[in-house]
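Participant: Once you've had a glance at the structure underneath, I'll fire off some questions.
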Ligand code: ADP
């Protein structure tokens, strides 16, 4: 049976980008067809300025939301990364496999280190090395597939490179994984700045739809989305990223095709209205189920404890093997 691993960072509230780019497929497809592990990757939340209490709260909230979205602990393993020591154990071995140069080339490092410096904060060393930790997250489980949004492509490439390099040097140890991506909405853009992705840790909440936003808020954000200077509704991600983003959202929410949908609309206003309605309906059940689950946090904690136990059992022998292979 195929093994699948993926995760979300508890650096903010989960967004529509997280849902459409990753979580929805985990729920609808991945957990049914593979031995799938999904993790709230809290160690990754420490790479930039963080508030300890907030990270803890957001981790629990992310896990609750993943269950609300439909991850079923009977079908998959859901756990918090820091509850399983193997991630950090393996990360060090992979730091001894990666080079400084290849980590400095990571786009997200370049962007985030500039942002940290602009905010007058030091650039944490972990901001440079976290792609190695991410590689450990994936390789520790022998994952064949990593279902992620488009922004993670470079990180999965690095993971593949490290796996191949380690295997060549120390003997076959790791499965070389591949990224899988949704056909539509693999990169959901910020509604106020459609040239940058909708990211949960960005400052401008007006451009981000959060999974827990109420219906009125979702509608308001989508109705106020920045559109392009033209008037025609066309699907062109380069020349008209605002309209293309709305078409992607509508297509992802209704199961349509963004290019075909472009032909249906004559005004930006009607496109926005239908997109808002479709997204509200898409998120309604998630929000309702979240309210039920959040009322019983003990239940979520039990799921996470059991998930960590299962994850540990899977990762331990593989990471032990890597330790032996590298000479320890
Ligand atoms: P974020 O950038 O919101 O902090 P994470 O790093 O936690 O997201 O990523 C969780 C998953 O959500 C990843 O698979 C990532 O590719 C996906 N994802 C994040 N933002 C978007 C987006 N705007 N569009 C599509 N997928 C996204």
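Numbering (our numbering), first residue to last: 3 to 330. Ideal Cβ placement from N, Cα and C applies to all residues, glycine included. Just so you know, these numbers come straight off a predicted model, no measurement behind them.
Tell me which residues share the same chain as residue 200 and place their Cβ nearer than 8 Å to its Cβ, disregarding the 5 neighbours each side in the sequence.
Facilitator: 17, 18, 19, 190, 191, 192, 193, 209, 210, 211, listed in sequence order.
Participant: So, is residue 46 buried or exposed, given that buried needs 16 or more other C-beta atoms within 10 angstroms?
Facilitator: Under this definition residue 46 is a buried residue.
Participant: Is there at least one non-hydrogen atom of the ligand ADP closer than 7 Å to the beta-carbon of residue 154?
Facilitator: Yes, the Cβ of residue 154 comes within 7 Å of a heavy atom of the ligand ADP.
Participant: By Cβ distance, which residues of its chain are closer than 7 Å to residue 181, with the 5 residues on each side in sequence left out?
Facilitator: If we look at residue 181 and ignore the five residues flanking it on each side, its Cβ neighbours are 148, 150, 154, 155, 158.
Participant: So, helix, strand or coil for residue 255, using DSSP?
Facilitator: Correct three-state label for residue 255: helix.
Participant: The alpha helix (DSSP H) that contains residue 281, what's its start and end?
Facilitator: Unbroken alpha helix (DSSP H) run through residue 281: 270-296.
Participant: Is the region 33-44 touching the region 60-69, taking contact as three or more C-beta pairs under 8 Å?
Facilitator: Segments in contact, yes.
Participant: With a floor of 3 residues, list each beta strand (DSSP E) that falls wholly inside the region 68-109, ordered by position along the chain.
Facilitator: Correct list: 79-82.
Participant: Hey, residue 263 and residue 254: beta-carbon distance below 8 Å or not?
Facilitator: Result no, Cβ atoms of residue 263 and residue 254 do not sit closer than 8 Å.
Participant: Output the distance between the C-alpha atoms of residue 275 and residue 195, rounded to the nearest integer angstrom.
Facilitator: Roughly 19 Å between the two C-alpha positions.
Participant: For residue 107 versus residue 50, is the C-beta distance shorter than 8 Å?
Facilitator: In this structure, residue 50 does not lie closer than 8 Å to residue 107 by Cβ.
Participant: Rounded C-beta distance between residue 111 and residue 129? I'm assuming under 8 Å.
Facilitator: Correct: roughly 6 Å between the Cβ atoms.
Participant: Do residue 71 and residue 25 have their C-beta atoms closer together than 8 Å?
Facilitator: Against a cut-off of 8 Å, the Cβ pair of residue 25 and residue 71 comes out as a contact.
Participant: Where do the ends of the beta strand (DSSP E) carrying residue 42 lie?
Facilitator: First-last of the beta strand (DSSP E) with residue 42: 37-42.
Participant: Per the DSSP calculation, residue 313 is bridged to which residue(s)?
Facilitator: Partner(s): none; residue 313 has no beta bridge.
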